[in-house]
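Data first, discussion second: the structure below is written as structure tokens.
Numbering (full-length UniProt numbering), first residue to last: 1 to 144.
This is how it looks when you write it as structure tokens:
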């Protein structure tokens, strides 16, 4: 038998959520003491905008899916309509009246604009630069 998380993961279309809705859900379910500090991650987007799509979005999708599964487990007797209404109400409250959401969303939009711009490119990390420099001579070797 599948766990609620596995069932939700297979059925929830989180990959189709817009970034503003996904961020609001991520903030809604954020907990103090999480391994990942959402605010710090989003601040890092100023220096590493590529992380938004490459790592943060998939991480947020998984986080939100797990959180919804946990909420379902916490309230097994609540009917589905009440559950959906509660989540809708709570996430709309985050979107409409959270200074934290406004601040983080602004940073996410800036990173998204950099990623989507046709006249910008992301520089490789120092780690990647070193590996590329190490392997560059390989391109000059004759191939058999």
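Glycine is no exception: its CB is placed at the ideal position from the N, C-alpha and C atoms.
No experiment lies behind these values; they were computed from the predicted model shown.
When Cβ pairs closer than 8 Å are counted between the two stretches, the stretch 101-116 is seen to touch the stretch 41-56, the count reaching three or more. Runs of the alpha helix (DSSP H) lying entirely within the stretch 50-97, each at least 4 residues long, are 57-74 and 80-97 in chain order. When secondary structure is reduced to three states using DSSP, residue 33 falls in the coil class, being assigned neither helix nor strand. Rounded to whole angstroms, the Cβ separation of residue 65 and residue 12 is 6 Å, and the two are in contact under 8 Å. Per DSSP, reduced to three states, the secondary structure at residue 38 is helical.
Burial of residue 60 is indicated by the presence of at least 16 other C-beta atoms within 10 angstroms of its C-beta. Going by DSSP, residue 104 is part of the alpha helix (DSSP H) stretching over 99-116. Secondary structure of residue 24 (DSSP, three-state): helix. The distance from the Cβ of residue 98 to that of residue 27 is about 7 Å, consistent with a contact at the 8 Å cut-off.
Note on geometry: alpha-carbon atoms of residue 105 and residue 81 lie some 29 Å from one another. Beta-carbon to beta-carbon, residue 45 and residue 108 are separated by about 7 Å, close enough to satisfy the 8 Å threshold. Counting every other CB atom within 10 Å of its CB across the protein chains shown gives residue 38 a total of 16 or more, marking it as buried. The beta carbon of residue 54 sits closer than 6 Å to no other beta carbon from its chain once the five residues preceding and following it are set aside.
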